[in-house]
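Working notes, beginning with the structure itself.
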Amino acid sequence: MNAQTPTYILTGTCQSMIGTVDLVTRFLFDRQCYVTEMHTFDDTEGARFFIRVEFKNDSEDSLTVEELKHQFADKAAGFDMQWQIRDASTPEKVVILVSKYDHCLQDLLHRYRTGHLNIEIPAIISNHPDLRELAEWHGIPYYHFPISADTKPQQEAQIWQVVEETGADLVVLARYMQVLSADLCAKLHGRAINIHHSLLPGFKGAKPYHQAYDKGVKLVGATAHYVSNDLDEGPIITQGIEAVDHTYTPDRLVAKGRDTERLTLARALKLHCEHRVFLDGKKTVVFQGG
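Quick note on this note's numbering: the sequence shown kicks off at 123 and runs consecutively.
See below:
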């Protein structure tokens with residue numbers, strides 16, 4: 123198998139029924155496609171089947187991705203399968219929303235520049251001007267859209283305009299400290315990821331890590347999830363956790379928490395952009411990669 127051969131990703135979901143795996147593997151076999159990775163899951167409670175396959179095709183009669191899509195469409199129709207076939211090398215277009223905290227943004231920009239994340243970032247949007255220089259240093263357009271209770275609809279309309287004009291596949295809330303409206307949540311269903319701290323008890327409001335210190339917590343964590351109209355309760359993609367102890371001051375807890383947030387968000391973004399995450403009602407199916 124030629125190492126330069128393009129890798130394609132086929133993802134699909136349908137009702138649980140006999141023949142779903144055979145549908146995909148036989149289709150690929152008949153076209154001399156070489157499977158390099160495959161994951162399946164059958165949600166027995168929801169009677170829903172999920173599959174993700176990476177494959178190559180460098181036979182003499184190899185097909186383009188568009189030809190593969192056209193031919194698979196007829197096969198999948200008999201199973202009422204929702205599916206996609208993509209070239210794995212095509213980067214996802216990601217618009218990032220951020221407020222003043224820059225730790226998650228800095229981390230994503232580093233991974234973007236070093237090629238760890240196969241993404242393009244056509245825009246960074248903020249409700250504050252603070253991070254403009256950082257965006258400009260990376261050569262990324264920066265949009266400062268201030269917001270107040272009175273201007274929220276207009277500000278979100280500006281955000282949505284940028285998302286549409288850039289052709290963004292995904293929006294990432296990299297510590298964007300604003301609650302999205304129900305309308306914008308609906309527009310971004312399944313393609314907006316948020317990150318927030320995960321602490322027990324559920325410390326809400328200002329300075330959650332200082333509240334955690336006062337309670338003597340022994341664990342800090344973070345959750346990356348899809349945005350939904352239920353605040354911080356969207357389908358979970360990844361979670362991170364770190365042990366702490368009595369020696370941790372509030373400042374050390376904040377630092378540990380921010381490290382956990384940036385790593386958890388980066389993992390979630392990588393999984394999404396590699397098309398390893400499926401929505402399954404209010405939860406997700408996640409096929410882990412390397």
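Where a beta carbon is used, it is the ideal one built from N, C-alpha and C, also for glycine. Remember, it's a predicted structure, so these values are computed and weren't measured experimentally.
Practice problem: Let me know the secondary structure DSSP gives Q410 once reduced to three states. | Solution: coil
Practice problem: Using alpha carbons as the reference points, say which of T386, H394 and R380 lies closest to D224. | Solution: R380
Practice problem: Grab me the residues of L139's own chain with a C-beta within less than 8 Å of its C-beta, minus the 5 sequence neighbours each way, in chain order. | Solution: Here the sequence assigns Met to residue 139, which means Leu is not the residue at that position. Result list for M139: F171 and F201, in chain order.
Self-check item: Counterpart residues of W205 in DSSP-defined beta bridges
Solution: G134
Quiz item: What residues are listed by DSSP as bridge partners for G362?
Solution: A344
Quiz item: Ends of the beta strand (DSSP E) at K215?
Solution: E214 to V220
Practice problem: Examine the Cβ distances between the segment 269–276 and the segment 188–196 and report whether three or more of them are shorter than 8 Å. | Solution: no
Self-check item: Separation of D291 from P244, as counted between CA atoms
Solution: 11 Å
Exercise. Measure the Cβ-Cβ separation of S248 and Y298 and say whether it is below 9 Å.
Key: yes
Self-check item: Cut-off 6 Å between Cβ atoms - residues of its own chain near V376, not counting five sequence neighbours on either side
Solution: Y331
Self-check item: A308 - containing alpha helix (DSSP H), residue span
Solution: A304 to K309
Exercise. Can you have a look at E383 and say buried or exposed, based on whether 16 or more other CB atoms are within 10 angstroms of its CB?
Key: buried
Exercise. Jot down the residue ranges of each uninterrupted beta strand (DSSP E) in the segment 230–270, minimum 3 residues, whole runs only, in chain order.
Key: 241–248 and 264–266
Self-check item: For Q300 and V339, the rounded distance between their alpha carbons
Solution: 26 Å
Exercise. Please name the residue, chosen from L353, F400 and L387, that lies closest to R233 on a Cα-to-Cα basis.
Key: L387
Quiz item: Does the ligand MG have a heavy atom nearer than 8 Å to the CB of D209?
Solution: The model depicted lacks the ligand MG and carries no ligand whatsoever.
Exercise. Compare the beta carbon distance of L341 and I363 with 9 Å and say whether it is the shorter of the two.
Key: yes
Quiz item: At which residues does the alpha helix (DSSP H) containing I281 begin and terminate?
Solution: K274 to T288
Exercise. Pick helix, strand or coil for E167, following the three-state DSSP scheme.
Key: coil
Quiz item: Going by C-alpha distance, which of I269, K215 and R235 is nearest P251?
Solution: I269
Quiz item: Under the rule that 16 or more other beta-carbon atoms within 10 Å means buried, what is T345, buried or exposed?
Solution: buried
Exercise. Can you grab the Cα-Cα spacing for the pair V157 / A279, in whole Å?
Key: 43 Å
Quiz item: When the Cα of L385 is compared with those of R398, H319 and P213, which residue comes out closest?
Solution: H319
Quiz item: Roughly how many angstroms separate the alpha carbons of I173 and L393, rounded to a whole number?
Solution: 15 Å
Quiz item: To the nearest angstrom, how far is it from the Cα of E189 to the Cα of V399?
Solution: 25 Å
Practice problem: Please report the residue range of the beta strand (DSSP E) in which A388 lies. | Solution: From DSSP, A388 is part of no beta strand (DSSP E) but of the alpha helix (DSSP H) over P372 to C395.
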